[in-house]
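Heads up: the sequence shown is residues -25 to -1, 1 to 897, going by mature numbering (1 follows the signal peptide of the UniProt record, and there is no 0).
Beneath this line is the structure, given in structure tokens, with notes to follow.
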Amino acid sequence: MGFDHLLFSILFFSVLLSFMEFTKAQMPAGFVSLDCGGHENHTDELGLEWTPDDQIIYGTTANISIANETRRQYQTLRYFPADDRKYCYSLNVKTRTRYLIRATFLYGNFDSNNVYPKFDISLGPTHWATIVISDANTIESQELIFLASDPMVSVCLSNSTTGLPFISTLELRQFNGSVYLTPFEDQFFLSVSARINFGAENEDPVRYPDDPFDRIWQSDSVKKANYLVDVAVGTEKVSTKLPIITGKDEQPPQKVMQTAVVGRKGSLTYRMNLDGFPAFGWAFTYFAEIEDLQPKQTRKFRLVLPGEPDLSKPVVNIQENAQGKYRLYEPGFFNISFPFVLSFKFGKTLDSTEGPLVNAIEISRYLRITDGSFDGAVAASLALAFKSLDWAEEGGDPCLPVPWSWLECNSDPQPKIISVNLSNKNMTGSIPSDLTKLTSLEELWLDGNALTGSIPDFMGCPNLRIIHLENNQLSGHLPSSLANLPKLSKLYVQNNLLSGYVPSGLLNKNIVFNYTGNSDLHKGSSGGRLTRYIIIGSAVVGAVLLIGVMIACLLLRQRKKDQKQEPEHEMHDASKQTATSESAQCFTLSDIRLATKNFEKKVGSGGFGTVYYGKLNDGKEIAVKVLGSNNTHQGKKEFANEVTLLSRIHHRNLVKFYGFCQEEGTDILVYEFMHNGTLKEHLYGPLAKEQRIKWMKRLQIAQESAKGIEYLHTGCVPSIIHRDLKTSNILLDINMTAKVSDFGLSKLAVDGNSHVSSIVRGTLGYLDPEYYISNHLTEKSDIYSFGVILLELISGKEAISNESFGLNCRNIVQWAKLHIENGDIQGIIDPGLGDEYDVQSMWKIAEKALMCVQPHANMRPSMSEVIKEIQDAISIERGVEGGSSDEISRSSFHSSLNMGLLDAGGEPYLSFHDSITLPSAR
């Protein structure tokens, strides 16, 4: 009998271990569950694995005991001092991927003070919420949905008003698709306010494993959940065991959609409190017809919101909208204004036999993302170099919402570091070079460490007033550049190993200066000469360069006249020509004629003039652009502009500029020859008829072009706005590598301004509507044009056409937007692509293209964000897991461009009209 019992025990535990291993293997990717204050790993009754937060070095753990609370993760917590610091958790994430992050707080009177704490929680630099504890035995919970922009996110607790900041659990859940895609996700998080399961069978929430993403769907039976009250008479629960077709795995889970409430007397009414409102938010309602209606029975109803009469116009017919029973239909709004107390009603229409039915509702508030501090990357690099020291592990943004303990920041909207105090912090090695990159730094305290090496040049910190370097082991000379710091008032370098002479500039400067305790450092002159440096802005450099090159041209022509023995028809090697720079050669007209065989082969033309093929003596093939002969002031200006710009920029995805010629009233530009012509010719020109470019190649062309534009926007100082991007200005070399060309209309961005005011120029169909209205040119004007190019790459159609887009539509943006919003991606795909593409990559580019052509510039992504999306699409085509994996089905995407926008100032607003208020599924 004992043996049988033993055998049973062994088998039982074997099965149990197998089950635990199976559960572990089935845990979704991207799940993190931190048991704050916990001591060991454990798996809860849902199958979720919890790990202790012992990686954080701050705070104190505490045990609590709450009646009826048996979950281990709520029997411990971690609390922090009530000081001016912030205390952060850092979590690894995948960039360009959407996540849900949840933090919970169960006070349990852990400090025996019965003082209900009030403190702040932030996600990176963005203030997430103020946690107000009002009941020691109630769990407070906060959830955010966000798109990861960096490989790590920080959750920080700070600014305790009363009591001590604390946290019970921190959870991260990764999404796989784009159900929570909004047009504003690069500027706003979604703060979850309500997620309600109507008709729930009991008070237990529905979550993992029923919901594979572990969203918590609160039961409508719990009257305290969001204060769901004022339920209409005749409200009944209904349910089914039959499966519901949801279409995507991020839609509400089966268990939620299999229950509902029905208004038997014709209406469903509710009132609920929405935390964080009044505000603008995201709201979707989920319906599935789960009752077996007879042929003559109908269910039609309207949503009624007090004060919003336009919203009650559309009629919901679940079976018709969802195209059948037991199928999900999800009308909603990407941007809608809600009050704190939301009253809403679903009322049946006069021609309906049945009352309204609702399965679930989800409401979130838009939370504006705060830009990180200006010096965030520099400070992070500095901290990383000393990661073994406690002071370098504070985490989060250096300045926001509160600064690190050893920093002080100014009050700019994007704060800059003005003081670094690292006195007596056990620092070793040389003075970090990152400190010299803090352009707004006013005070630097590095005294009392064991720093070695020389003192760096701090000319990159012109605002430095106070420098403390005393009591270290610094060696070498005292830099004379310190005397050139205009605001320096105090300099302490005593008790180091410095040598040589004290620069006379420091001795003559009216400052507090202590250099004692350096036995080899002597007072006197080093004999050096004072050198003056003149820094010329890059725009001026370009102008000076142009003048210099033109002077060189004149000298070259004069030399040619003097050298009569040299035959005029002989072509010189470009390397022998006089030039003022490597990038801008000055060609004579005779050189050009010889290279082009007297302009024999014409390869292109346009409003700018004509392009000819040429070849230099060294075999280099060139394209010679002869500008129009009108000699207008504008033409001369554009010529000078292009020479100036092209002489100073170099990138593999910009057409290489060789030089120019101005002779006999003719303006000529010389470029590298691009063997495969323009992108336009390959998409819908004569070359397109020979062989269509495949989708993968189109993606590569998009990526290469975008990198060229990104260089103009971010790699040039000041940045350059192209302002005439189009498929005819994207050229393809002999290897089909894309390069951006034609800078005749380009503009230098003005330092300190977000836009350049100019006369509107560009090409119809690619022109930014905001630029057209305001004359304010920004980098986002180029983004709009590039969005049009992306749509052309998808469709193979021109930006403007009288024939391609049907009646009453000439514009590719309007046409593509209509198809994409209706989930009809196939309706815009170039038939010439056949089936050699992955529809997910096609959706990804279509989605980003619509973001690029938003009517308001501040809603458009940056070019670097566009590049990331293109690279993700390329990864999908290659079968490699990309940085994000928006699994967008053909019928699931509903663009939010007609569901409310953000105004030019970035704040949401609504503009209701019939097309907006029609219930539409995503």
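For glycine and all other residues, C-beta sits at the position ideal for the given N, C-alpha and C.
Remember, predicted model here, so these are calculated numbers, not experimental data.
Can you check whether the CB of G652 is closer than 7 Å to the CB of V645?
Within the sequence shown, the letter at position 670 stands for residue 645. Within the sequence shown, the letter at position 677 stands for residue 652. Result no, Cβ atoms of V645 and G652 do not sit closer than 7 Å.
With a threshold of 16 other CB atoms inside 10 Å of the CB of Q30, please say whether the residue is buried or exposed.
Within the sequence shown, residue 30 is the residue found at index 55, counting from 1. Exposed, since its Cβ has fewer than 16 Cβ neighbours within 10 Å.
Let's test the definition: count the other Cβ atoms within 10 Å of the Cβ of Q678 and tell me whether it reaches 16, buried, or not, exposed.
The residue you call residue 678 lines up with position 703 of the sequence shown. So Q678 counts as buried.
Between L421, P376 and N438, which has its C-alpha nearest C63's C-alpha?
On the sequence shown, position 88 is the one that residue 63 refers to. Residue P376 is the option with its Cα nearest to C63.
Grab the span of the beta strand (DSSP E) containing G589 for me, first residue to last.
For this step, residue 589 is matched to residue 614 along the sequence shown. First-last of the beta strand (DSSP E) with G589: G584 to K590.
Let me know if S8 comes out buried or exposed under the rule of 16 or more other beta-carbons within 10 Å of its beta-carbon.
Here residue 8 corresponds to residue number 33 of the sequence shown, with the count starting at 1. With 16 or more Cβ atoms within 10 Å of its Cβ, S8 is classed as buried.
Taking three-plus beta-carbon pairs below 8 Å as touching, is the segment 458 to 465 in contact with the segment 480 to 487?
yes
So the beta strand (DSSP E) L426 belongs to, where does it begin and stop?
Mapped onto the sequence shown, residue 426 falls at position 451. Note, L426: beta strand (DSSP E), A425 to G428.
Length of the line joining the Cα atoms of V333 and S348:
By one-based count along the sequence shown, residue 333 stands at place 358. By one-based count along the sequence shown, residue 348 stands at place 373. About 45 Å.
Do three or more CB pairs link the segment 795 to 814 to the segment 126 to 144 at distances below 8 Å?
no
CA nearest to the CA of S429, picked from N447, E118, Q226 and W192
If you number the sequence shown from 1, residue 429 lands on position 454. Out of N447, E118, Q226 and W192, N447 has the C-alpha closest to the C-alpha of S429.
Would you check if the distance between the CB atom of M817 and the CB atom of I845 is smaller than 7 Å?
As a working mapping, residue 817 is identified with position 842 in the sequence shown. As a working mapping, residue 845 is identified with position 870 in the sequence shown. Cβ atoms of M817 and I845: not closer than 7 Å.
Do the segment 148 to 159 and the segment 93 to 110 touch if we need at least three Cβ pairs shorter than 8 Å?
no
Which residue from T753, D195, P454 and H626 puts its Cα closest to that of residue 898?
The first residue shown for the chain is -25 and the last is 897, placing residue 898 beyond what the model contains.
Please report how far the alpha carbon of R190 lies from the alpha carbon of I220, in whole angstroms.
Sequence index remark: in the sequence shown, residue 190 carries index 215 (1-based). Sequence index remark: in the sequence shown, residue 220 carries index 245 (1-based). In a straight line, the C-alpha of R190 is about 19 Å away from that of I220.
Suppose you measure from the CA of T712 to the CA of I676; what does that come to, to the nearest Å?
One-based indexing of the sequence shown puts residue 712 at position 737. One-based indexing of the sequence shown puts residue 676 at position 701. So the alpha carbons of these two residues sit roughly 7 Å apart.
According to DSSP, simplified to helix, strand and coil, what is T411?
If you number the sequence shown from 1, residue 411 lands on position 436. Looking at T411 - three-state DSSP - the assignment turns out to be helix.
H497 in three-state terms, based on DSSP:
Walking along the sequence shown from the start, residue 497 turns up at place 522. Strand.
Within 7 Å, strictly: CB atoms of V231 and N172:
Stepping through the sequence shown from its first residue, residue 231 is reached at position 256. Stepping through the sequence shown from its first residue, residue 172 is reached at position 197. Yes, Cβ-Cβ distance for V231 and N172 is below 7 Å.
Any idea which residues DSSP pairs K465 with across the strands?
Here the question's residue 465 lines up with position 490 in the sequence shown. Beta-bridge pairing links K465 to I441 and V487.
Would you call the segment 353 to 363 in contact with the segment 398 to 418, where contact means no fewer than 3 C-beta pairs closer than 8 Å?
yes
Do the CB positions of G83 and A111 come within less than 7 Å of each other?
As a position in the sequence shown, residue 83 is number 108, starting the count at 1. As a position in the sequence shown, residue 111 is number 136, starting the count at 1. A contact, by the Cβ cut-off of 7 Å.
Pairwise C-alpha distance: D699 and T738:
Looking up residue 738 in the sequence shown gives position 763. Looking up residue 699 in the sequence shown gives position 724. Those two C-alpha atoms are separated by around 6 Å.
Closest by C-alpha distance to P478, when choosing among N471, L444 and L496:
Looking up residue 478 in the sequence shown gives position 503. Closest option to P478, Cα to Cα, is L496.
Using 10 angstroms around the beta-carbon of R667, count the other beta-carbons present and answer buried if the total reaches 16, otherwise exposed.
Your numbering for residue 667 matches position 692 in the sequence shown. R667 should be labelled buried.
Can the beta-carbon of A791 be found closer than 7 Å to that of I803?
Position 816 of the sequence shown, counted from the first residue, corresponds to residue 791. Position 828 of the sequence shown, counted from the first residue, corresponds to residue 803. Taking 7 Å as the Cβ cut-off, A791 and I803 qualify as a contacting pair.
Look up I338 in the DSSP assignment and say whether it is helix, strand or coil.
Taking the sequence shown and counting its residues from 1, the one referred to as residue 338 is at position 363. Note: I338 maps to strand in three-state DSSP.
Looking at the secondary structure, which residues open and close the alpha helix (DSSP H) in which H657 lies?
Taking the sequence shown and counting its residues from 1, one reaches residue 657 at position 682. It spans L654 to Y659 - the alpha helix (DSSP H) in which H657 sits, taken as one unbroken run.
Enumerate, from N- to C-terminal direction, the unbroken beta strand (DSSP E) stretches of 3 or more residues contained entirely within the segment 129 to 192.
144 to 149 and 163 to 172
Could you pull out every unbroken alpha helix (DSSP H) segment of at least 4 residues lying fully inside the segment 256 to 320, listed in chain order?
293 to 297
Taking the alpha helix (DSSP H) that G99 falls in, what are its first and last residues?
Against the sequence shown, residue 99 aligns to sequence position 124. That residue, G99, is in no alpha helix (DSSP H); it is neither H nor E in DSSP.
If distances are taken between C-alpha atoms only, which option among P806, F252 and L674 comes closest to A663?
In the sequence shown, the residue the question calls residue 663 occupies position 688. Selected option, being the one with the closest Cα: P806.
Nearest residue (CA-CA) to Q162, options S580, S837, D813 and G854
By one-based count along the sequence shown, residue 162 stands at place 187. Among S580, S837, D813 and G854, the Cα nearest to that of Q162 is on S837.
If contact is defined by three or more beta carbon pairs under 8 Å, each pair taking one atom from either stretch, is the segment 174 to 186 in contact with the segment 40 to 55?
no
Going by C-alpha distance, which of A169, D86, S287 and H688 is nearest K323?
Within the sequence shown, residue 323 is the residue found at index 348, counting from 1. Measuring from the Cα of K323, the nearest candidate turns out to be S287.
Minimum C-alpha distance to D760 - residue among H697, F780 and Q789:
Here residue 760 corresponds to residue number 785 of the sequence shown, with the count starting at 1. Note that residue 760 is Ser in the sequence shown here, rather than Asp. When only C-alpha atoms are compared, the closest one is H697.
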